[in-house]
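Novice:
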Amino acid sequence: MSSENRTSVPNSLNEHWMPFTSNKDFKANPRLITEAKGVYLKTHHGKTQIDASSGLFCNPLGHGRKEITEAVTKQLETLDYAQPFQQGFGGSFELATKISKHTPGDLNKMFYTICGSTAVETALKIAIAYHRAKGHAERFRFVGRERGYHGMNIGCISVGGMVNNIKTFASVLMPGVQHISHTHLPEHKFVSGQPETGDYLANDLETICANFGGENIAACIVEPIAGSTGTLVPPKGYLQKLREICDKHGILLIFDEVITGWGRTGSKFAAQEFGVTPDIMTMAKATTNGVVPMGVVACNDFIYDAVMDASPKGAVELFHGYTYSGIPVAVAAALAVQDIFEKDDIFNRAKNLAPYFQKGLFSLQDLESVDNIRGYGMMGGIDMKLNTKPGKAGYECFKACYEAGVNFKATGDCLIIAPQFICEEKHIDEIIEKLRTGITNYQKNQKN
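Printed below as a string of C-alpha cells:
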C-alpha cells in the first residue's frame, strides 16, 4: 500500500505480533491511536483521550512539538546517517556536552545507545570493562532488585525483577545475578512521597556481599523509583545506604533513570532529588520526547579514564556499540528537547505542578476497588484490588478508563499515571475526573 493511500485503519491486523499485548483480545476489539497533539490523543473511532502517562513516560513535553519536528526534518535534509564507528558528526558531541551540564557529580562521559534496554545492557558491559581495566576480572556478579524493570534484553531481564518478564527465558539468563528485596512494605499503603520506614532493606546488599563476596560483585543496579512496576518510592535513607555499601565493597552503583530522568521527580534526575550520585546512569524516553528512539549511558570520569588508560594508543578501548548509536536524527531531536527544557523552564514547571497532581491522585483512594496509591513528583501508581486472578483487574480497569477518555499504562493490577509536564491544572483535573469515571464504571461492570 502506498503512503498516499494508507488509512488510519489497516486492512489486516493478523501479521503484526504486538509487544506486551493480549494479541487475541486486542485484535477482536482493537484500540488504535490515529493522532496526537499536546496532551490529547485521538482514537480510530474519532474519540479524544487525554494522555495520562506521557505515552510510556516518553512525551513529557507534549505531542506534536513543532520545534522537534523542524529539527528532525532539517537534520534529515542535511545529514541522514553517519557511521558511529571511527567517525562521527558534530551534533553528537554537542549533545553530550549539553547533557553533562545536567547530570550529577562527575557523570560527564556519554555513550549513546538505541533505547533504555540497550542503555542498561551497555551500562552492565561498561561496569565489567571498568573492573577488568583495573585488574579485577573476578568481579562478574551483578545485583538487581525485586520488581525492578530495566528493559527486555537478556542482561536487562537478568538484573530485572519482574517475574512474568523472566520466567519464560530462565534458561538463558546471565549467571551470577542476585536480587535485593523491593522497597514496598505493608505499612506504606496510601503514603505520598518517601515512606519513613524501610531504609534497612538496603542491608540486603550487605548480606549478598557476605554470602558471595563483595569483591566479586561488579555493580548494583536499581531504579531510584521503580516505575514500570507501579511507582515504588524509596524509603528515606534507603538510597544513601545503598551508596555506602557499594563504596565499602568497591561496587559500582548504577541508577536506571530511563523513567525518572529529565524532570519526572521534580529535579533533573532522581539522583539529585534524593541526594545520591551513582557511578553510572542510564536515560532514554524523554531524552528525545519519545519522537526518535535513543538511549544514553552517563559514566563517571574515573570509569571512562580507567578504560581509556588500559588500552594502547590507536586501539579500540571498548568493543561495544550499535549501528544507531547517536545517529543524526536522534541527536537532532534530543538537542531540540534540550532547548525546550531551557526555554520553557520545564524542570521547575514539573516541580511546581507535582503537588497538585499528587493531591488529585490521592483523592481517588475512596473508590471501592482501589487497594493502594503511591506517588512522587509527576508519577503515581494506583493498585486495584485482586479480581479472580492477578492482572485481570488492571487490564479490565484500563479498558474501562480507555472508554472514559483517559489513556495510560497498566502493569499487572497497577494503573501507572505520569502526566505530561506541559499540563495545566485543568488537565490534571480532567485526568483525575476521567480516572474516577473509568474506575467507577469498572466497579459497576464487576457487579453486573
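To convert, take the position in the sequence shown, counting from 1, and add 1014; that gives my numbering.
Where is the CB? At the ideal position from N, CA and C, for every residue including glycine.
On a predicted model such as this, the values are computed, not experimentally measured, just so you know.
1) So G1130 and G1165 are in contact, right, with Cβ under 8 Å, and what is the actual spacing, rounded?
2) Could you say if the segment 1339–1350 and the segment 1095–1115 meet the contact criterion of at least three C-beta pairs nearer than 8 Å?
3) Quick check on the DSSP output: the beta strand (DSSP E) that includes Y1390 runs from which residue to which?
4) Please go through the same chain and pick out, in chain order, the residues whose beta-carbon is closer than 6 Å to the beta-carbon of K1148, but skip the five residues on each side of it.
5) Just the Cα atoms here: how many angstroms apart are I1317 and L1267?
6) Where does R1146 sit, in a helix, a strand or coil, going by DSSP?
7) Give me, in chain order, the residues of the same chain whose beta-carbon lies closer than 8 Å to that of E1201; leave out the 5 immediate sequence neighbours on both sides.
8) According to the Cβ coordinates, are D1213 and K1250 closer than 8 Å?
9) Ignore the nearest five residues each way along the sequence and tell me which others in L1138's own chain have a CB closer than 6 Å to its CB.
10) Counting along the chain, where does the beta strand (DSSP E) carrying T1048 start and finish?
11) G1408 and C1428 - do their beta-carbons sit closer together than 8 Å?
12) Closer than 6 Å by C-beta to N1179: which residues in its own chain qualify, once you throw out the five before and the five after it? Chain order, please.
13) How many angstroms separate the CA atom of I1387 from the CA atom of I1430?
14) Three-state secondary structure (DSSP) at N987?
15) Skipping 5 residues on each side, what residues in its chain have a beta carbon closer than 7 Å to that of R1257?
16) Are there 16 or more other CB atoms within 10 angstroms of the CB of P955, so buried, or fewer, so exposed?
17) In angstroms, rounded to a whole number, what distance separates the CA positions of K1051 and G1277?
18) Assign D1443 to one of two classes, buried (16 or more other C-beta atoms within 10 Å of its C-beta) or exposed (fewer than that).
19) So Q1089 is in the alpha helix (DSSP H); what residue range does that whole segment cover?
20) Measure the C-alpha to C-alpha separation of D1358 and K1403 and round it to an integer number of angstroms.
21) Just to confirm, are F1204 and F1376 a CB contact at a threshold of 8 Å?
22) Below 8 Å, can you find three or more Cβ-Cβ pairs linking the segment 1062–1076 to the segment 1413–1426?
23) Rounded to whole angstroms, what is the Cα-Cα separation between C1260 and T1035?
24) What's the C-alpha gap between Q969 and V1351?
25) Tell whether a beta-carbon distance below 8 Å holds between E1382 and Q1457.
26) Find the nearest neighbour of E1237 within the set D1353, T1296 and N1314, judged by alpha-carbon distance.
27) CB-CB under 7 Å to E1029, same chain, minus the five flanking residues each way: which ones, in chain order?
28) Taking buried to mean at least 16 other C-beta atoms within 10 Å of its own C-beta, is G1174 buried or exposed?
29) Check the C-beta distance from L1332 over to L1378 and give it rounded, since I have them as a contact under 8 Å.
30) Please state the DSSP three-state secondary structure of T1245.
31) How is the beta strand (DSSP E) around N1314 delimited, first residue to last?
Specialist: Let's see:
1) Going by Cβ atoms, the distance from G1130 to G1165 rounds to 5 Å, so yes, they are a contact pair.
2) Yes: at least three Cβ pairs fall under 8 Å.
3) Its beta strand (DSSP E) spans residues V1384 to Y1390.
4) Taken in chain order, the residues that qualify are A1320.
5) About 12 Å.
6) Here R1146 sits in helix by DSSP.
7) Within the same chain, E1201 has close Cβ partners P1209 and T1211.
8) For D1213 and K1250, yes; Cβs fall inside 8 Å.
9) Taking C-beta separations shorter than 6 Å and ignoring five residues to either side along the sequence, the partners of L1138 in its chain run G1169, following chain order.
10) Element bounds for T1048: I1047 to K1051.
11) With a cutoff of 8 Å on beta-carbon distance, C1428 and G1408 are scored as near each other.
12) These residues qualify, in order along the chain: I1171.
13) In a straight line, the C-alpha of I1387 is about 10 Å away from that of I1430.
14) Outside the modelled stretch of the chain, which goes from 1015 to 1462, sits residue 987, for which no answer is possible.
15) The residues are L1267 and V1290.
16) In the structure as shown, the chain starts at 1015 and stops at 1462, and residue 955 therefore has no counterpart that could be examined.
17) Approximately 21 Å, taken between the alpha carbons.
18) Under this definition D1443 is an exposed residue.
19) Per DSSP, Q1089 belongs to the alpha helix (DSSP H) from K1080 to T1092.
20) Roughly 45 Å separates the two Cα atoms.
21) Between F1204 and F1376, the CB-CB gap stays under 8 Å.
22) Contact between the segment 1062–1076 and the segment 1413–1426 is present, because at least three Cβ pairs lie under 8 Å.
23) CA-CA distance, C1260 to T1035, rounds to 38 Å.
24) The requested residue 969 does not occur in the structure, where the chain is confined to residues 1015 to 1462.
25) In this structure, the beta-carbon distance from E1382 to Q1457 falls below 8 Å.
26) Measuring C-alpha to C-alpha distances from E1237 to each of D1353, T1296 and N1314 identifies T1296 as the nearest.
27) Here the set comprises nothing.
28) By the neighbour-count rule (16 or more Cβ atoms within 10 Å), G1174 is buried.
29) Contact doesn't hold; Cβ gap of about 47 Å is too wide.
30) Coil, per DSSP.
31) Start and end: G1309 to N1314.
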